[in-house]
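>
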Amino acid sequence: MSALAELYEKIAACQDCEELARTRNKVVPGEGAENAQIVFIGEAPGFHEDQQGFPFVGQAGQFLDHLLSSIDLKRSDVYICNVIKCRPPENRDPLPTEISNCQKWLDQQIEMISPKMIVTLGRYSLAKYFPGETISKIHGKERKIDNVIYYPMYHPAAALHQQSLRQTIEADMLKIPSLLARTEEAKEEESKPQQLSMF
Ligand code: URA
């Protein structure tokens, strides 16, 4: 069994949040490639995700699929998960205790996948990686820390509620391939002097 599959079993058995464990239908740990270069992190499962056990399978997910295909990617090429792995009842906002209880799962996922890029979708993943920042100011502006690119985007559902954001989200998504390519180039540059020193 893969390390991620083993982790999913632990997440599925989690009882740390009494209300969420009691009211959930399915836990939604995440979906995608264990060796994905990009991880997308949303907020929390909604109704459809809770029914099916997979992230972003509702309307926002359809828009996310469209965004991925705009850069020639499929779900299976990336990794998609949420800050919270269980649906809060009536889609209420996750509580601070729920976010901190669930943090260990997200941190382990990121450690196992070790992505080149982490894309935050929505306010809870924004708050984790860009504390104190506002999405309207920093969306589409990458930050590189320890060779990982952190990239804040509006949540895809925002485009469903506010049509004017659709183009912004689409444009931010289109920047992803060149950001990734730049890290590859930087790596090649870093390795050059060593190669030269061999002669
Ligand atoms: N919104 C999210 O943030 N995550 C999902 O999985 C679905 C909708």
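For the sequence shown, the working numbering begins at 43 and goes up steadily by one.
We put the beta carbon where it would ideally sit given N, CA and C, even for glycine.
Evaluate the contact criterion for the region 117-127 versus the region 142-156: three or more CB pairs, one atom per stretch, below 8 Å.
Result yes; three or more Cβ-Cβ pairs closer than 8 Å.
> Using the Cβ count rule (16 or more neighbours within 10 Å means buried), how would you classify Ala223?
On the sequence shown, position 181 is the one that residue 223 refers to. Flag for Ala223 reads exposed.
> Can you tell me whether Ser44 is buried or exposed? The criterion is at least 16 other CB atoms within 10 Å of its CB, across all chains shown.
By one-based count along the sequence shown, residue 44 stands at place 2. So Ser44 ends up on the exposed side.
> Spell out a yes or no on whether the region 96-113 and the region 193-202 are touching, meaning 3 or more CB-CB pairs, one atom from each, closer than 8 Å.
Short answer: they touch.
> So, helix, strand or coil for Ser233, using DSSP?
Within the sequence shown, numbered from 1, the residue matching residue 233 stands at position 191. Correct three-state label for Ser233: helix.
> Going by DSSP in three states, Leu137 sits in which element: helix, strand or coil?
The residue labelled residue 137 in the question sits at position 95 within the sequence shown. Residue state, collapsed to three classes: coil.
> Nearest by alpha-carbon distance to Val81: which of Glu232, Gln204, Glu175, Arg117 is it?
Counting from 1 along the sequence shown, the entry for residue 81 is found at position 39. The option with the nearest alpha carbon to Val81 is Arg117.
> What three-state label does DSSP hand Cys123 in the structure shown?
Along the sequence shown, one-based indexing puts residue 123 at 81. Strand, per DSSP.
> With distances taken Cα to Cα, identify the nearest neighbour of Lys170 among Ile155, Pro138, Asp92.
Here residue 170 is taken as the residue at index 128 of the sequence shown, counted from 1. The shortest Cα separation from Lys170 among Ile155, Pro138, Asp92 belongs to Pro138.
> In three-state DSSP terms, what is Tyr196?
Residue mapping note: residue 196 aligns to position 154 of the sequence shown, counting from 1. DSSP places Tyr196 in coil when its eight states are reduced to three.
> Can His197 be considered in contact with the ligand URA, in the sense that its beta carbon sits closer than 7 Å to one or more heavy atoms?
As a working mapping, residue 197 is identified with position 155 in the sequence shown. Indeed, a heavy atom of the ligand URA lies less than 7 Å from the Cβ.
> Got a sec? Which residues, its chain only, sit under 7 Å from Pro97 by beta carbon, not counting five neighbours each side?
Taking the sequence shown and counting its residues from 1, the one referred to as residue 97 is at position 55. Result list for Pro97: Val70, Gly72, Glu73, Gly84, Pro87, Glu91, Ile122, Cys123, Asn124, in chain order.
> Throw me the rounded Cβ distance for the Glu212 and Leu109 pair, which I believe falls under 8 Å.
Reading the sequence shown from its first residue, position 170 is the one you call residue 212. Reading the sequence shown from its first residue, position 67 is the one you call residue 109. Between Leu109 and Glu212 the Cβ distance is about 7 Å, and since that is below 8 Å, they are a contact.
> Quick one: measure Cβ to Cβ for Asp154 and Leu221, integer angstroms, because I've assumed they're closer than 8 Å.
Reading the sequence shown from its first residue, position 112 is the one you call residue 154. Reading the sequence shown from its first residue, position 179 is the one you call residue 221. Note that residue 154 corresponds to Met in the displayed sequence, not to Asp. Actually they are not in contact, since the Cβ atoms of Met154 and Leu221 sit about 22 Å apart, beyond 8 Å.
> For the candidate residues Ser178, Ala75, Arg185, Glu232, whose alpha-carbon lies nearest to that of Thr210?
By 1-based counting over the sequence shown, the position of residue 210 is 168. Here the closest residue by C-alpha is Ser178.
> So is Ala228 buried or exposed if we call it buried at 16+ other beta carbons inside 10 Å?
By 1-based counting over the sequence shown, the position of residue 228 is 186. That one is exposed.
> Any idea which residues DSSP pairs Glu73 with across the strands?
Taking the sequence shown and counting its residues from 1, the one referred to as residue 73 is at position 31. DSSP lists Ile122 as partners of Glu73.
> Just to confirm my understanding: we take Leu62, look at its own chain, exclude 5 residues before and 5 after, and list those with CB closer than 6 Å. What are they?
As a working note, residue 62 is residue 20 in the sequence shown. Cβ within range, chain order: Cys128.
> Assuming Leu163 is part of the beta strand (DSSP E), what are its boundary residues?
Position 121 of the sequence shown, counting from 1, holds the residue named residue 163. Here the beta strand (DSSP E) through Leu163 covers 159-163.
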